[in-house]
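The structure appears below as structure tokens.
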Amino acid sequence: MYIHTRLLYTYFTMTTFLFQLSRQHPSLLLSSSSSKQQQHENDYDNPSEDGNEIDSENISANSGQSAKFVCDLPEKYSGKRADFYGPYGRLIDDSNGGDSWLPNRYVTERTYAWTYTININEVTEDDVGEYLCKVGEHVIRKFNLTVLTPPKIFDINIEPKDVLEGQQVILRCQAQGVPSPTVMWHIPRRSIDQRNIIAYKHQLLIRNFTRLTPNDFECIADNSIPPRDTKTVKLLPTISPEINIQYYLSQTTRQGVPSLFLNCTIVANPLLHARWKKNRQDIHQQQSNTFKIHRKIVNDIQSNILLIVKSDNVSDLYGIYECEAENYLKTTKSFIIIDETILINLTNVQPTKYQNNRHIYHPSSSSSGSTTESYVAQCI
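One point on numbering: in UniProt numbering, the residue at position 88 of the sequence shown is 88, and numbering is uninterrupted.
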């Protein structure tokens, strides 16, 4: 009797305590039931077999090739239909005239009662992402598709943009691809001078760039997915005009009249304008049969302008002949005075021999827009 009374008292006390607690803190008693309900909803929204984590598989395919997903259903789903979903929704088999925008893009097979497969043909970078195999609302398997793409060089940056002789230059080659490509530098038909040219990853450092430095540089990107990509950049120093004049007299022309040959060799980059003048006046060969001008590009930085002067009267050859070259760094003018004394010396020169009378101008560096004028001559 005593034990029974004691139990009734304890029950009454606990009931009263819980009732008061529920009035003061109702959320405490509801949390347990809410958590159970939430857990039940989560199980329904993201169902997995027997509460285990959903299997996930990483699949790689080369761009333009096919990717295959294989989904084995648990025994409880044997005989049921499985569907595949991609980043943009459900994948529909179009091998038999489905409603896909690209025919034969997706082809499904049912190998066994519990195995479904789907092939995605001609994959592109747009196909990258997560794919699901589902029965109804139940996710059976996940696939992460990576599309392997060959390397592509999209930019070669040069600093500084205008390179003066003697400056330091940095080339940066940027490439993309999956997996990320390795970038290498190569100089065609030349070995890299490790003292002056340093290659490090995608960068190429040239400590001292001059006109004698190799000017063709190849960037090569490779990630083992063929084909690798190669781009060549040509690099030339900016050079203010340098002029050298060579001249000789010929008396063996078909017309039997003497001809004065004046050749102006110009080294410049870029070369904006180049011209011959006589007695400070521009020479235009269209104005007279006395003058002929021939232009020849020797290489990327050197040009020749040959002036041929013909006259029945030798005295008409006399004058101040001036070669002028210009770019945005400076204008260089070099001249030679042809008079009776020079022509007599030229006449005494044997045709098979060469007489050297050099007055070669080597211009010094100067600011943009400056003009250099000098006597420059070389008798050949």
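We treat Cβ as the ideally placed atom computed from N, Cα and C, and that holds for glycine.
Please read these numbers as outputs of a predicted model, since none were measured by experiment.
Looking at the DSSP output, residue 55 shares a beta bridge with 141. Across the set 66, 329, 116, the C-alpha of 66 shows the shortest separation from the C-alpha of residue 125. The beta carbon of residue 72 sits closer than 7 Å to those of 114, 115, all from its chain and outside the five residues before and after it, given in chain order. DSSP places residue 248 inside the beta strand (DSSP E), whose first and last residues are 239-250. The segment 146-160 and the segment 189-206 do not touch, with fewer than three beta-carbon pairs separated by less than 8 Å. Taking a cut-off of 8 Å on C-beta distances, the segment 278-292 does not touch the segment 325-335, as fewer than three cross pairs fall below it.
Collapsing the DSSP output to three states places residue 126 in a helix.
In the three-state scheme derived from DSSP, where H, G and I count as helix and E and B as strand, residue 75 is classed as helix.
DSSP, read as helix, strand or coil, puts residue 314 in helix.
Within 10 angstroms of the beta-carbon of residue 229 lie 16 or more other beta-carbons, which makes it buried. Contact between residue 93 and residue 106 is confirmed by a C-beta separation of about 6 Å, below the 8 Å threshold. If you look at residue 117, you'll find it in the beta strand (DSSP E) that goes 115-120. Here residue 197 has 206 as same chain residues with Cβ atoms under 6 Å from its own Cβ, once five neighbours each way along the sequence are excluded.
Around the beta carbon of residue 168, a 10 Å sphere encloses fewer than 16 other beta carbons of the protein chains shown; the residue is thus reported as exposed.
Boundaries of the beta strand (DSSP E) harbouring residue 186: 182-186, taken from the DSSP string. Distance from the CA of residue 222 to the CA of residue 182, rounded to the nearest whole angstrom, comes to 5 Å.
Between the alpha carbons of residue 264 and residue 217 lies a distance of about 31 Å. In the DSSP assignment, residue 169 is bridged to 206. At a Cβ-Cβ threshold of 7 Å, residue 119 and residue 68 count as neighbours. For residue 199, the uninterrupted beta strand (DSSP E) run begins and ends at 197-200, by DSSP.
Distances from the CA of residue 180 to each of 165, 202, 258 were compared; the closest alpha carbon is that of 202.
In this structure residue 237 is in contact with residue 269, their Cβ atoms being roughly 7 Å apart against a cut-off of 8 Å.
Bridge partners of residue 163 according to DSSP: none are assigned.
Judged by their CB atoms, residue 162 and residue 147 are not nearer to each other than the 7 Å cut-off. In this structure, the CA atom of residue 139 is about 10 Å from the CA atom of residue 84. Residue environment: residue 226 is assigned as exposed (fewer than 16 neighbouring CB atoms within 10 Å of its CB, all protein chains considered). Contact check for residue 186 and residue 220: beta-carbon distance about 6 Å, within the 8 Å limit, so the pair qualifies. In this structure, DSSP gives residue 149 an extended state, which the three-state scheme calls strand.
In the structure shown, residue 262 adopts extended strand secondary structure according to DSSP, grouped into three states. Under the three-state reduction of DSSP output, residue 307 falls in the strand class.
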